[in-house]
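Using the UniProt record's numbering, you'd call the opening residue of the sequence shown number 1 and step up by one each time. Using N, Cα and C, we set each Cβ at its ideal position, and we do this for glycine too. None of the values given here were measured: they were computed from a predicted structure.
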Amino acid sequence: MICPHLACKSQRQQEGQGQEQEQEQEQRSSSNYQRVSSQLSPRTAFVIPVGHPFSIVANKNENLEVVVFGVNVQDSERNFLAGFLSFSSKTISKVATMVFKMKLPLLLLLSIFLLSVTLSFATRESQQCQRQCQQHQQGQGQEQCRQTCEKHQCQRQCQQHQQGQGQEQCQRTCEKQQREREQQEGGGRKSTDPQREFQQCKESCQQQQRGQQQQEQQRQCIQQCDDRRKQQEKEQQQQEEGGKDRQDPQRKYQECQHQCQQESRRGQEQQQQECQQRCEKDREDLEEQQRQQEGSGRGDNPQQEESEEQQQQQQDNNPYYFDQRSFKDRIRTQDGYLSVLPNFSERSEILRGLENYRLAIFEANPNTFWRPDYWDADTVMLVVKGRGTLSLVQETNKKERYNLERGDVIRIHSGAFGYIINRDNNEKLQIVQLIIPVSIPGQFREFYAAGGDNPESLYKIFSDDIMEAALNTPRDQLEKLFGKQRKGAIIKASQEQIRALSRHASSSSEGGSIWPIGTGSQSRGPINLLNKRPTFSNNYGKLHEVDANDCKNLKDLDVSVIYTNIYKGSMMAPFYNSESTRVILVNKGRGRIEMICPHLERQSQRQHKEQQQEQEQEPKSSSGNYQRVSSQLSPRTAFVIPAGHPFSIVADENENLEVVVFGVNAQDNQRNFLAGNENVINQLEKEAKELSFNVPAREVDAVFNNQEESVFLPGPNQRQQKGKGGRQDPPLESILNFGGF
1 MICPHLACKS QRQQEGQGQE QEQEQEQRSS SNYQRVSSQL SPRTAFVIPV GHPFSIVANK
61 NENLEVVVFG VNVQDSERNF LAGFLSFSSK TISKVATMVF KMKLPLLLLL SIFLLSVTLS
121 FATRESQQCQ RQCQQHQQGQ GQEQCRQTCE KHQCQRQCQQ HQQGQGQEQC QRTCEKQQRE
181 REQQEGGGRK STDPQREFQQ CKESCQQQQR GQQQQEQQRQ CIQQCDDRRK QQEKEQQQQE
241 EGGKDRQDPQ RKYQECQHQC QQESRRGQEQ QQQECQQRCE KDREDLEEQQ RQQEGSGRGD
301 NPQQEESEEQ QQQQQDNNPY YFDQRSFKDR IRTQDGYLSV LPNFSERSEI LRGLENYRLA
361 IFEANPNTFW RPDYWDADTV MLVVKGRGTL SLVQETNKKE RYNLERGDVI RIHSGAFGYI
421 INRDNNEKLQ IVQLIIPVSI PGQFREFYAA GGDNPESLYK IFSDDIMEAA LNTPRDQLEK
481 LFGKQRKGAI IKASQEQIRA LSRHASSSSE GGSIWPIGTG SQSRGPINLL NKRPTFSNNY
541 GKLHEVDAND CKNLKDLDVS VIYTNIYKGS MMAPFYNSES TRVILVNKGR GRIEMICPHL
601 ERQSQRQHKE QQQEQEQEPK SSSGNYQRVS SQLSPRTAFV IPAGHPFSIV ADENENLEVV
661 VFGVNAQDNQ RNFLAGNENV INQLEKEAKE LSFNVPAREV DAVFNNQEES VFLPGPNQRQ
721 QKGKGGRQDP PLESILNFGG F
């Protein structure tokens, strides 16, 4: 049996015991999987968890009879890795070509020869440059000359071994490494004079690029030096002006896109795609740079800095809030990534009810391919950006293929083998996932069948004799097949391959279908959340929702999926969910959330008693029973709202706030609003109001009937602006503070 969980456990034990035990590992175990072998005899037992590939071999001299008890057998399917009904016999040849990368031996040998010659030539050029620096430069000039040589060698290697977006990223890495060396060796001093550095760079280009055949490379090298000089001068000018002349990332992005469109008119389709990817990358870098500049400038206002530090400390101590740094990369290549939030119960025992749920974000660049795999977990996916295609292979020679678009919700069953592609030429594909492990609570693993070394194929972990017999193929041929792919889980694909992989796919607009059509099986395809009529909608926001009533595949998981758009400056009325715990992820925009929690107050009281008596006095924002939990919301931040906890969300004044919500234990859940035209207080009898608030019922009604809107309301700032027009709300402090908001 192939097991990924024992491999992780083995790694942790090795780290604690020492590196000398590394050689004792079995050759067939890796960073991803470990082979588990056992001899079977009468009265022996063996457990095979969900998703774990296994094979059983009988003794030569007698039959092997086993009794098997299946647990959680509903909707379970057998998926074979070898034999006539294996995965590979059902997948199309385009996938096999991309995954295994089979090449002719002659081409491979020629590539190795050219690579070795190139590396040797580049090393000789670098040594020549270093010698010239020693001969013609002294002191600081010699050091700068040496750094220029190293940078040029790095960029030369980028030109020789990278293409397209990879070359751009490689060159940016070269420049970044040089800047880091300058800072380390210069004690953090400012960069040298751009004009002097340009002259040194130009001389280096002229020294290293000689001969008629290299004139074009010399020209490109000098052009890069000049571009670098202009960039340095521009950065220095911005620093001198104190950052007043900041660039607008969106404007720069639009200008870049315009240049890309001009390239497309010349028929350069591949260059246009690479150009648009560079535009997206440059915009992200510029936005990140501006955020860092804003953060570094906060020290000018001590009071603001102290307030933000206190706010940050409150968020750090908040077990319900997760910033974007909380997500950890599970998979990352230059073409995409899968980031997963750690187990909720690891943050606090308060969240142990979510121990078996994980939140993840998947993103892939245009025209990319996620290698075929399967997970030992059920997954509910919501597409929040882009267009993709999901292809699944099931037992009984059944293939399902769906074109995905923004708003599509689909459930992928545990053990379903398949792949995802981004079929768009320009836009990234972004998918938010709620993952529900079925093997080990709170833990799941990816199982890669197709592929090679990075990530490792589970075929390589089985014993040679079992694989030779199962695939009826000699060992040397298997080693060639499973040793070619080393590019990672998410890789680039050609537009021709993308078109082939997205053919014959159904979509949510068609209601989803099993492919080939006409098998009579029940549809398990996507349903589009945004095409469904909003559950709530007015001038201040709207809410779309899908649950088991809309999608039968969500019924056994007891999960709902919600997409909420709160318009800028507006808010969602305070309410609580009767049954369901909500996991919120911000997709776009900024805002803040407030939630009332009784558990943190009891926890806080215990801590106060253990420290000192004078700390028993509580802050104004909390009461004897509740504590207010506040957090700032921004893209890629997450928040957990347990069932029964009242909360409210307010959008920023300048942009809409779009959030993705997964509802856990969604069946029979009800929203009970504490404010708005349909609040629960209005449902009480007159006598109940008077007894509850100790004031006449008309005063209670004057407050709770004062809001004309429901669910989505004008935000705090909008209400203040409306109040300046002359309208004044009746004062009733005991009622306003009843919920702790």
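| query | result |
| --- | --- |
| Continuous beta strand (DSSP E) stretch holding Lys399: start and end | Lys398 to Leu404 |
| Own chain partners of Ser494 with C-beta closer than 8 Å, once the 5 adjacent residues on each side are dropped | Asn367 |
| Selected residue, minimal CA-CA separation from Arg411, among Arg401, Ser457 and Met381 | Met381 |
| Alpha carbon of Leu434 to alpha carbon of Asn425, nearest angstrom | 27 Å |
| Same chain, Cβ closer than 6 Å to Ile584, five either side skipped, listed in chain order | Phe639, Val659 and Val661 |
| Inter-residue Cα distance where the pair is Gly415 and Leu458 | 14 Å |
| Limits of the beta strand (DSSP E) - the one that Glu545 falls within | Gly541 to Val546 |
| Beta-carbon proximity list for Ile222, same chain, < 6 Å, skipping 5 on both sides | Lys202 and Cys205 |
| Within the UniProt domain "Cupin type-1" (320-479), ranges of the beta strand (DSSP E) (whole runs, at least 3 residues) | 328-333, 336-340, 358-364, 368-375, 377-385, 388-394, 398-404, 408-412, 417-422, 429-437 and 446-448 |
| Extent of the continuous beta strand (DSSP E) run through Ile48 | Here Ile48 belongs to no beta strand (DSSP E), and DSSP marks it neither H nor E. |
| CA-to-CA distance, Arg475 to Asp556, given in whole angstroms | 44 Å |
| Rounded straight-line distance, which links the Cα of Met595 to that of Ser648 | 7 Å |
| Neighbourhood of Gly676 by C-beta, 7 Å cutoff - its chain only, sequence neighbours within 5 removed | Ala573, Gln707, Glu709, Ser710, Val711 and Leu713 |
| Alpha helix (DSSP H) segment containing Ser537, residue limits | Counting along the chain, Ser537 falls outside any alpha helix (DSSP H), though it belongs to the beta strand (DSSP E) covering Phe536 to Asn538. |
| Strand pairing of Met1, partner residues [DSSP] | Paired residue(s): none; Met1 is not in a bridge. |
| Gln497, DSSP secondary structure in three states | helix |
| Straight-line gap, Ser580 to Asn665 (C-alpha atoms, nearest Å) | 5 Å |
| Beta-carbon contacts of Ser345 that lie in its chain and below 6 Å, excluding the five residues immediately before and after | Leu351, Arg352 and Glu355 |
| First and last residue of the uninterrupted beta strand (DSSP E) at Ala688 | First-last for Ala688: Lys686 to Phe693, but that is the alpha helix (DSSP H), not the beta strand (DSSP E). |
| Reduced DSSP secondary structure (H/G/I, E/B, other) of Cys597 | strand |
| For residue 742, the first and last residue of its enclosing alpha helix (DSSP H) | Here the chain covers residues 1 to 741 and nothing more, so residue 742 does not appear. |
| Residue range of the unbroken beta strand (DSSP E) whose run includes Gly663 | Leu657 to Val664 |
| Nearest to Asn717 (by Cα), restricted to the options Met571, Pro598, Ser630 and Ala643 | Met571 |
| Residue closest to Ile361, alpha-carbon to alpha-carbon, out of Leu429, Gly418 and Thr535 | Leu429 |
| Alpha carbon of Arg533 to alpha carbon of Val36, nearest angstrom | 51 Å |
| For Leu530, the nearest candidate out of Pro437, Arg590, Thr564 and Ser55 (CA to CA) | Thr564 |
| Residue(s) in a DSSP beta bridge with Leu633 | Gly591 |
| Bridge partners - Lys492, DSSP secondary structure assignment | Thr368 |
| N-terminal and C-terminal residue of the beta strand (DSSP E) that Ser580 is part of | Unbroken run through Ser580: none, as it is neither H nor E. |
| 8 Å Cβ shell around Asp550 - same chain, five flanking residues per side excluded | Ile527 and Lys532 |
| Pick from Ile331, Ser506, Leu684 and Ala643 that is closest to Tyr320, judged by C-alpha positions | Ala643 |
| Beta carbon of Gly715 nearer than 9 Å to that of Val650 | yes |
| Asn669 (DSSP reduced to helix, strand or coil) | coil |
| Assigned exposure category for Pro4 - 16 Cβ within 10 Å defines buried | buried |
| Pro574 (DSSP reduced to helix, strand or coil) | strand |
| When Glu699, His413, Gln74 and Ile421 are compared against Asn403, the one with the closest alpha-carbon | Ile421 |
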